[in-house]
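Note that this note's numbering numbers the sequence shown so that position 93 is 75, with each residue one more than the last.
Even for Gly, the Cβ is constructed at its ideal location relative to N, Cα and C.
For reference, the structure discussed in these notes is given below.
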Amino acid sequence: MLIIRNEQMRAFEVPLFEGWVEAHVRQYFPSKCASMQSGELQKRIREGIAKGRRYGFSGDADVCRFVDISIVLGAGFDDDPRLPWARDILNDPAFKDASVRLEMLFEAASAHLRKPHDMAAELATAEKTEEEVEKASAEEPEEDEEPEPEEDEPEDEDE
-17 MLIIRNEQMR AFEVPLFEGW VEAHVRQYFP SKCASMQSGE LQKRIREGIA KGRRYGFSGD
43 ADVCRFVDIS IVLGAGFDDD PRLPWARDIL NDPAFKDASV RLEMLFEAAS AHLRKPHDMA
103 AELATAEKTE EEVEKASAEE PEEDEEPEPE EDEPEDEDE
């Protein structure tokens, strides 16, 4: 008679679950997946699953949802200083039920993504700053070059 212990069963289940999560992520977030290099998606999924479990998410659906959030917001979203609300929700002892905590995280992430702060505005600011630096650099004289004296305005002879 063949006996399979729980540890052995889990060893089979982990790759199956990772594969299922990968198929799910590829289906629902194709552009995010396309921007990742080979192997990066699998690594992000494994890390997301492990991190989700550390935060107390035990059901497959909850762990998958946590991975979804990490794919959309970024692998380190829970430590990102620009997203303090994520860390606060994940570490709030008031949410004893992990599923409730995950629902709160999902709602906060959705609200964050709907905010009009979008990346275009941030990029425009960054580009403007870059343009200002380039312009200022172009206006500065070279080190071995002396600045040209400013020309005086011609005086109006009618006065």
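In whole angstroms, what separates the C-alpha of residue i from that of residue j?
{"i": "aspartate 74", "j": "leucine 84", "result": "11 Å"}
{"i": "isoleucine 71", "j": "valine 49", "result": "16 Å"}
{"i": "valine 82", "j": "methionine -17", "result": "44 Å"}
{"i": "valine 54", "j": "lysine 14", "result": "7 Å"}
{"i": "threonine 111", "j": "isoleucine 27", "result": "Here threonine 111 scores only 49 on pLDDT, less than 50, and its place in the model should not be relied on; the value that follows carries that caveat. Computed Cα separation, rounded: 36 Å."}
{"i": "arginine 148", "j": "isoleucine -15", "result": "Residue 148 is absent from the structure shown; the chain starts at -17 and stops at 141."}
{"i": "aspartate 60", "j": "proline -3", "result": "25 Å"}
{"i": "arginine 35", "j": "glycine 41", "result": "9 Å"}
{"i": "methionine 86", "j": "serine 92", "result": "10 Å"}
{"i": "histidine 94", "j": "aspartate 62", "result": "13 Å"}
What three-state label does DSSP hand residue i in the structure shown?
{"i": "proline 97", "result": "Residue 97 is actually lysine in this sequence, not proline. Coil, per DSSP."}
{"i": "arginine 64", "result": "coil"}
{"i": "glycine 41", "result": "coil"}
{"i": "serine 52", "result": "helix"}
{"i": "isoleucine 27", "result": "helix"}
{"i": "phenylalanine 88", "result": "helix"}
{"i": "glutamine 19", "result": "coil"}
Report the CB separation of residue i from residue j in whole angstroms; it is logged as a contact under 8 Å.
{"i": "alanine 90", "j": "alanine 68", "result": "7 Å"}
{"i": "isoleucine 144", "j": "glutamate 0", "result": "There is simply no residue 144 to check, as the chain begins at -17 and stops at 141 in what is shown."}
{"i": "valine 7", "j": "leucine 23", "result": "7 Å"}
{"i": "alanine 5", "j": "glutamate 29", "result": "About 18 Å separates the two Cβ atoms, so there is no contact after all."}
{"i": "phenylalanine 39", "j": "alanine 76", "result": "So it is not a contact: roughly 17 Å between Cβ atoms."}
{"i": "arginine 47", "j": "phenylalanine 88", "result": "7 Å"}
Alpha helix (DSSP H) containing residue i: first to last residue?
{"i": "lysine 78", "result": "Per DSSP, lysine 78 belongs to no alpha helix (DSSP H) and is neither H nor E."}
{"i": "phenylalanine 59", "result": "First-last for phenylalanine 59: undefined, no H or E at that position."}
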